[in-house]
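Visitor: Would you mind keeping the following structure in view while I ask a few things?
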Amino acid sequence: MDTRVKLFMAIERDNIEEALRILSENSDAGLISEGVGPLRITVLQIAIWKGQACLLDLLQQKGIDVNSTDKLGRCGLHYAAQQGNVNIVRWLLQHGALVNSKFVPSFCTKDNRLKERAFNERSFALGNCVESIPSQNRLGRLYLFTRVFDKNNPFSIRATTDAFHFRMYTRQRNWRAGCLPTVNCCIYNLYFCCVSRKLPLPDCWGRTPLHLSVKNNHLEVTKLLIEAGAESNVKDDQGIEPLLLAGSKVTVNDFQELTKYAKIVELLISAGAQVNAVHKNTGLTALHQACILGSTASVKALLNAGSEPVLRCYGTGSTPLHEAAARGHLQILRELMLKIPKECIDLPDKDGHTPLHRAAYQGHRDCVMLLIEQGGSLAAKTRMGISGLDMIFAYVPRPVCLLENALNHGIHCTSTSPLEKDSYIDVDFGVLTPANELQMSVICSLINAAANVEQLSLLQHPLLELFLRLKWNRLRIFFVFLVLVHVCFAMSVSAYSAVLLKKVGYRYLSQKVVLLSTGILLFHNTIQILMVPRYYVRQLETWLSLVCSTTALLVVLSSHENCSKEECRTPEWKLHLVSIVILLSWMHLMLLIGRFPACGYYALMFYTVLKNLLKVLLAFIWLIVGFALSFSVLFHEADQFQSSWKALAKTVVMMMGEYEYADMFAARTNAADSFLLVTGRVVFLAFVILASVVLMNLMIGLAVSDIQALEQVGHIQRLLKQTEFVAHLERVTDHRIFRSRWINKHLKGFIESKRRIPTKLIINITGNLANSNLGVPFELAENLIEIAKSNAKHGDETDGHANGERSKVDFKRAIDNIKLQLRVIEQFKLRDNNHSHVKYLAKLCLKRKSDFEAINI
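Structure follows, in structure tokens:
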């Protein structure tokens, strides 16, 4: 067997004694200097790869070149840095290894076939043809597929990416003379090729030992290379620096490797590495990678070195904040928040996802809570129109509890007891008023995202209810103006109908008022339909207003201005239209008045009764039709039942109790009338029982039962209606028409001041809550105080575990409040519902036993 093969086999099999013996007995310089195999691997390189440090001194004595390279341009320091062998790296550096050497191939890999043969000429004996065919994958790796063939196919060899496997097939038992040495020589060369195949192939040309050590997370080797003068900002052929390769082979769950990774990052930063460099293949920075791995120490080091926390990946558009939020790294989020301006927290990626979307989609409650507290917008939408609240309700467990805690963080008290003198409640609406968006956008997103009444119960939160009240107080002047316009329209149309009936030729005032009010209503309806067409097209009030205004405009424009009293004859179609417009206009005014907070509950009651009535009539209309047709036959002589339509109208009136019994059953003489008289009395009695008694009481009972149920959710429904209308007023006043140049600047300033409210508020509580400013209702102020007290006691509980415990405390507190209210009712027996102050003082005494004797009930 060839000496070179024996030496390589001994080193590969870790037979150190055999390798030392071969090196000691042979003085041939070519044994250690010449490369073997298709990649021209030397003895030094295979010894370094196998970690045989004891062979290095002997090889150095025999004159080995420590900077010798293989065919891919890799020297021994590359192999040692990739393996992470500290002793060998130290030895190589001490003996003159080039610390910044790059591996560059000595042949062109772009050809379809290698120009050099993988074997020497002896392998072509017996007419065999040996070829080496290269194949490159997308990463630039070089794979050699070697095949040997002849016309008899004496043996075949196939090369795989893992190892060489060869099979020998023979059809002859006896080899011809000279064949066996050639085959042995071929097998020796195949062995060298196999050794080359076991060595790793480069991912990219032009990399230095520092690239390899950093990529493989070898801390000590990286430290040695940097101390030896390795350049920290050196780039490979793809422009990638060592810092961008840090953490490439580190997993999130490996704590030891993460610790090494953090120290490597610190070493590179101390060596002057560029922290804002971007990986050209992935578009990520070193800070992105640190956030992905969850290394808090690395994130701190990079941020302190000047790394930009808002750099976006050009592939996905994500920032380091996106990566940390998506993986639930709470501590890293806190570190990033210290460096990121609040206006950059909601930076979207290419799909429109904000960090809040990413955290909510993965169900990370703590990260979602932190992002909300730091100003993350709950109303921000993706390109698909999905808001942050949609994500929270869909993927975050216990979303109502999470949002309640987020709203509670906006209420703080200056003291632990609201009874102290000069106590203040600080209210922050920041969670409800994201920057660069309408102030009602979060509440509208909440309504759209909520899937049930439990989720809509968030509208009853004191912070949200106070916000709605303040917004209503600011915008109600526009609502009052809109109501006045509707009143003028309804009254002017009614007055104009009187003009038509009296056949007066022309009445200037009523006609001009109708035109003016109609124009304002059409302008208002056009704006709201253009803003949110899919919403307002489905609203009954929109269609009522459009029908009234367009019909009134048609009637007014079709009238003759100059005509005498005899000539001015009103057509019947105009009277029909005017009568319908009058009814619809006053009905629309009733619905509009129901938007007032004080009247909202009654409007809901009316809507509930109307809905139930329509349902019952839809089910029992056939019974009414049957009685009407029966009456039209039995009482055909009466004027009220001469036609089917008259009979139906009379039957409906009779259901209300207008029977007119004496007129219907007048004395009759002939026998036929007597027979119909008996049958009529039977049918009439059945009508009284079935329609007047059963059906009417059924409708009344259903209406009353639903009204009682409405009392439980009526507050939520009223807030829902109020929210929709306040949002509508805000959208209208924010329209670009009111920001155009032809609008007076004072008018624009007035509209802007009424459209927005301050996001921070201080309420002064001076012992008696009834004297608090801003007109805060008694119960609402009490709830604000309770939340402020709770936040004062539990202000430090901001992490996820604390939020879970707080939810349990809130549940227990709610149960205690219910028990206290029951005790108040039993002890004080307050029958007058108007004495809310007395109720509050009674509950206040029970909750604060220390002050029970001090307050005189």
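When we follow the numbering used here, the leftmost residue of the sequence shown carries the number 149, and every step to the right adds one. Cβ atoms here follow ideal geometry from the backbone N, Cα and C, with glycine treated the same way.
(1) Helix, strand or coil for residue 574, going by three-state DSSP, please let me know.
(2) Reducing DSSP to helix, strand and coil, say where residue 433 ends up.
(3) Considering only residues of the same chain and omitting the five flanking positions on each side of residue 407, which have a CB-CB separation below 6 angstroms?
(4) Taking the beta carbon of residue 271 as the centre, do at least 16 other beta carbons fall within 10 Å, making it buried, or is it exposed?
(5) Comparing C-alpha positions only, which one of 243, 196, 745, 743 sits nearest to residue 226?
(6) Indicate the three-state DSSP secondary structure (helix, strand or coil) for residue 939 in the structure shown.
(7) Would the beta-carbon of residue 431 fall within 9 angstroms of that of residue 464?
(8) What's the C-alpha gap between residue 615 and residue 468?
(9) Am I right that residue 416 and residue 394 are in contact with their C-beta atoms under 8 angstroms? What's the rounded C-beta distance?
(10) Report all residues from its chain with a CB closer than 7 angstroms to the CB of residue 238; omit the five preceding and five following residues, and keep chain order.
(11) Report yes or no: do the region 580 to 600 and the region 888 to 897 share at least 3 C-beta pairs separated by less than 8 angstroms?
(12) For residue 199 versus residue 242, is the C-beta distance shorter than 9 angstroms?
(13) How long is the line joining the alpha carbons of residue 482 and residue 518, rounded to whole angstroms?
(14) May I ask you to verify whether the region 471 to 479 touches the region 422 to 430, counting CB pairs closer than 8 angstroms and requiring at least 3?
(15) Taking the runs of the alpha helix (DSSP H) that are 4 residues or longer, which of them lie wholly in the region 597 to 631?
(16) Excluding sequence positions up to five away, which residues of its chain have a Cβ less than 6 angstroms from the Cβ of residue 604?
(17) Looking only at DSSP bridge pairs, what is residue 535 linked to?
(18) Can you tell me where the beta strand (DSSP E) with residue 559 in it begins and where it stops?
(19) How is residue 225 classed by DSSP in three states: helix, strand or coil?
(20) Where residue 901 and residue 621 are concerned, what is the direct C-alpha to C-alpha distance, given to the nearest angstrom?
(21) Are residue 672 and residue 880 close, meaning C-beta to C-beta below 9 angstroms?
(22) Taking only three categories from DSSP, how would you classify residue 908?
(23) Out of 503, 786, 538, point me to the one whose CA is closest to residue 596's CA.
(24) Using 8 angstroms as the threshold, is the region 672 to 686 in touch with the region 764 to 773, meaning 3 or more CB pairs across them?
(25) Look up residue 189 in the DSSP assignment and give the residues it is bridged to.
(26) Among 660, 576, 506, 638, which one has its Cα closest to the Cα of residue 523?
(27) Compute the beta-carbon to beta-carbon distance between residue 507 and residue 590, rounded to the nearest angstrom, for a pair I have assumed lies under 8 angstroms.
(28) Suppose you measure from the CA of residue 574 to the CA of residue 600; what does that come to, to the nearest Å?
(29) Enumerate, from N- to C-terminal direction, the unbroken alpha helix (DSSP H) stretches of 4 or more residues contained entirely within the region 764 to 846.
(30) By how many angstroms is the C-alpha of residue 153 removed from the C-alpha of residue 320?
(31) Kindly indicate which three-state DSSP category residue 680 falls into: helix, strand or coil?
(32) Nearer than 8 angstroms: is that true of the beta carbon of residue 773 relative to any heavy atom of the ligand NAD?
(33) What does the Cβ neighbour count give for residue 727, buried or exposed, with the cut at 16 atoms within 10 Å?
(34) Is it true that the region 441 to 455 meets the region 488 to 497, where meeting means three or more beta-carbon pairs spaced less than 8 angstroms apart?
(35) Let me confirm a value: residue 419 is counted as buried when at least 16 other C-beta atoms fall within 10 Å, else exposed. Which label applies?
(36) Determine, using beta-carbon pairs with one atom in the region 738 to 749 and one in the region 823 to 837, whether at least three such pairs fall under 8 angstroms.
Guide: Looking at the atomic coordinates:
(1) If you number the sequence shown from 1, residue 574 lands on position 426. Here residue 574 sits in strand by DSSP.
(2) Taking the first residue of the sequence shown as position 1, residue 433 is located at position 285. Under the three-state reduction of DSSP output, residue 433 falls in the strand class.
(3) Within the sequence shown, residue 407 is the residue found at index 259, counting from 1. Correct list: empty, nothing qualifies.
(4) Translated into the one-based positions of the sequence shown, residue 271 becomes position 123. Low local confidence applies: a pLDDT of 35 at residue 271 is under 50, so the model's placement there is unreliable, and no value is given.
(5) Looking up residue 226 in the sequence shown gives position 78. Comparing Cα-Cα distances from residue 226 to each of 243, 196, 745, 743, the minimum goes to 196.
(6) Mapped onto the sequence shown, residue 939 falls at position 791. Looking at residue 939 - three-state DSSP - the assignment turns out to be helix.
(7) Mapped onto the sequence shown, residue 431 falls at position 283. Mapped onto the sequence shown, residue 464 falls at position 316. A contact, by the Cβ cut-off of 9 angstroms.
(8) In the sequence shown, the residue the question calls residue 615 occupies position 467. In the sequence shown, the residue the question calls residue 468 occupies position 320. Looking at the two C-alpha atoms, the distance is approximately 34 angstroms.
(9) Residue mapping note: residue 416 aligns to position 268 of the sequence shown, counting from 1. Residue mapping note: residue 394 aligns to position 246 of the sequence shown, counting from 1. Contact flag correct, Cβ pair sits at about 7 angstroms.
(10) Your numbering for residue 238 matches position 90 in the sequence shown. Once the five neighbours on either side are set aside, the close Cβ partners of residue 238 are 372.
(11) Short answer: they don't touch.
(12) As a position in the sequence shown, residue 199 is number 51, starting the count at 1. As a position in the sequence shown, residue 242 is number 94, starting the count at 1. Result no, Cβ atoms of residue 199 and residue 242 do not sit closer than 9 angstroms.
(13) Within the sequence shown, residue 482 is the residue found at index 334, counting from 1. Within the sequence shown, residue 518 is the residue found at index 370, counting from 1. Rounded to the nearest angstrom, the two C-alpha atoms are 8 angstroms apart.
(14) Taking one beta carbon from each stretch, the region 471 to 479 and the region 422 to 430 have fewer than 3 pairs nearer than 8 angstroms; the two do not touch.
(15) 601 to 604
(16) Along the sequence shown, one-based indexing puts residue 604 at 456. Result list for residue 604: 598, 864, in chain order.
(17) Position 387 of the sequence shown, counting from 1, holds the residue named residue 535. DSSP lists 529 as partners of residue 535.
(18) Working through the sequence shown from its first residue, we reach residue 559 at position 411. Element bounds for residue 559: 559 to 561.
(19) Stepping through the sequence shown from its first residue, residue 225 is reached at position 77. Of the three classes helix, strand and coil, the one that applies to residue 225 here is helix, per DSSP.
(20) As a first step, residue 901 must be located in the sequence shown, where it is residue number 753. As a first step, residue 621 must be located in the sequence shown, where it is residue number 473. Each residue's alpha carbon lies about 12 angstroms from the other.
(21) Here residue 672 corresponds to residue number 524 of the sequence shown, with the count starting at 1. Here residue 880 corresponds to residue number 732 of the sequence shown, with the count starting at 1. Yes, the pair counts as a contact, with Cβ atoms nearer than the cut-off.
(22) The residue labelled residue 908 in the question sits at position 760 within the sequence shown. Note: residue 908 maps to strand in three-state DSSP.
(23) Within the sequence shown, numbered from 1, the residue matching residue 596 stands at position 448. The residue from 503, 786, 538 with its alpha-carbon nearest to that of residue 596 is 538.
(24) The answer is no - the region 764 to 773 does not touch the region 672 to 686, with fewer than three Cβ pairs under 8 angstroms.
(25) Along the sequence shown, one-based indexing puts residue 189 at 41. BP columns for residue 189 point to 184.
(26) The sequence position of residue 523 within the sequence shown is 375, counting from 1. The option with the nearest alpha carbon to residue 523 is 576.
(27) Walking along the sequence shown from the start, residue 507 turns up at place 359. Walking along the sequence shown from the start, residue 590 turns up at place 442. Residue 507 to residue 590, Cβ: 17 angstroms. No contact.
(28) Against the sequence shown, residue 574 aligns to sequence position 426. Against the sequence shown, residue 600 aligns to sequence position 452. Their Cα atoms are separated by approximately 31 angstroms.
(29) 792 to 803, 809 to 812, 819 to 835
(30) In the sequence shown, the residue the question calls residue 320 occupies position 172. In the sequence shown, the residue the question calls residue 153 occupies position 5. Per-residue confidence for residue 320 stands at a pLDDT of 37, beneath the threshold of 50, marking its modelled position as unreliable; no derived number is given.
(31) As a first step, residue 680 must be located in the sequence shown, where it is residue number 532. Annotated three-state conformation of residue 680 is coil, per DSSP.
(32) In the structure on display, the ligand NAD does not appear, and there are no ligands present to speak of.
(33) Against the sequence shown, residue 727 aligns to sequence position 579. Residue environment for residue 727: exposed (fewer than 16 other C-beta atoms within 10 angstroms of its C-beta).
(34) no
(35) The sequence position of residue 419 within the sequence shown is 271, counting from 1. Buried, by the Cβ-count rule.
(36) no
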